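For reference, the structure is listed below as structure tokens.
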Amino acid sequence: MELVLIRHTSVDVPPGVCYGQTDVPLKDSFENEAAHTQLLLQPYTPFDAVYTSPLTRCTRLAERCGYPTAQHDKRLLELDFGEWEMQAFDAIRDPRLQEWYDDYLHVAPTGGESFQQQYARVSHFLEELRGKSFRRAAVFAHGGVLLCARLYVGELTPDQLFGSLTPYGGVVCLQL
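Numbers given in our numbering equal positions in the sequence shown, counted from 1, plus 4.
Below is the structure:
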């Protein structure tokens, strides 16, 4: 199965702010960015199924690209940063922050989830998707979800994750 992953467009959040699962607004450039994303998707259409994270930064892009009935799935949410949500990383005074920086794969932000936990839920979604008889499916999601999927199929290794984030509005095609 071909799996087309689409990252949401730019968010209207100051640089350096940890927003994770918070439902944040999109930048005023949404229409232009979405039109570009829609062009990037053309070679891959049609899709047998379309899924989206339930956060509006993903559902809005799915709708704008022509998929208003995309199936919402909570397993496609971004990493839960818990108590760190909507704080600037530089302003977080939690002593666990350095632990997380040292081992973000296994250490969870206070009250949140580790990358390993996010990977487990995304993997569960992908395993379920593999059981379907689709030729091609699309997923509108977040940078962390796209990293999990790329790790799942072996395109990336854990030590490559940090520098491999798909740009806003970007598209990645994988064989599942």
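Each residue gets a CB set at the ideal place from its N, CA and C atoms; glycine is no exception.
Model, not experiment: these values are computed from the prediction.
Spatial distance of alanine 53 from glutamate 67 (CA atoms): 14 Å
Contained alpha helix (DSSP H) runs [length at least 4] in the stretch 73 to 123, N- to C-terminal order: 100 to 106
Alanine 39 versus His12, Val17 and Gly24, residue with shortest Cα-Cα distance: His12
Distance, threonine 41 Cα to arginine 47 Cα: Reading off the sequence, residue 47 comes out as proline, not arginine. Computed Cα separation, rounded: 11 Å.
Spatial neighbours of leucine 180 in its chain, beta-carbon cut-off 7 Å, leaving aside the 5 residues before and after: Met5, Leu7, Leu130, Leu133, Arg134 and Val157
Endpoints, the beta strand (DSSP E) within which cysteine 69 is located: Neither: cysteine 69 is in no beta strand (DSSP E) and is coded neither H nor E.
CB of glutamate 87 within 9 Å of CB of glycine 115, strictly: yes
Rounded straight-line distance, which links the Cα of threonine 170 to that of lysine 31: 18 Å
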